[in-house]
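If you're matching positions, the sequence shown starts at 47 in the numbering used here and goes up one per residue.
Each residue gets a CB set at the ideal place from its N, CA and C atoms; glycine is no exception.
Quick caveat: nothing in here was measured; it's all calculated off a predicted structure.
Taking it in order: structure first as C-alpha cells, then the write-up.
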Amino acid sequence: MEKWEYYFYVMQIQNQKMLIINVNDEYLNQKEQMMEQKQKQMNMDYYIMKMKMKMKMKLMLIEVAFELEEEELV
47 MEKWEYYFYV
57 MQIQNQKMLI
67 INVNDEYLNQ
77 KEQMMEQKQK
87 QMNMDYYIMK
97 MKMKMKMKLM
107 LIEVAFELEE
117 EELV
C-alpha cells in the first residue's frame, strides 16, 4: 500500500467516525427535544387538571349559595 493510499484510507475512516458522531449527536438532540416536549405536555395536563378542579369547587360553592338562598326564600 502506498503512503498516499494509506493516508486516504485513514481519512475515510476519520470521516466515517465523524458521521457516526454527528448521527449520535442528532439522535441525542432529538431525544432531548422529545423529553422536553413530554415534560411540557405533562405540565399542561397538570395545569388543566388543576383548573378543572378549581372550576368544580367554584360550581359547588355556587350550588351551595343557591341552595341557601332558596332556603331563605321558603
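Inset, instruction - Enumerate in chain order the residues of its own chain whose CB-to-CB distance from Ile66 is below 7 Å, with the five nearest sequence positions on each side excluded. - result: none
Legend entry - Cα-Cα separation between Tyr55 and Asn61, rounded to whole angstroms: 10 Å
Inset, instruction - Under 8 Å Cβ to Cβ from Gln58, same chain only, skipping five residues before and after it: list those, please. - result: none
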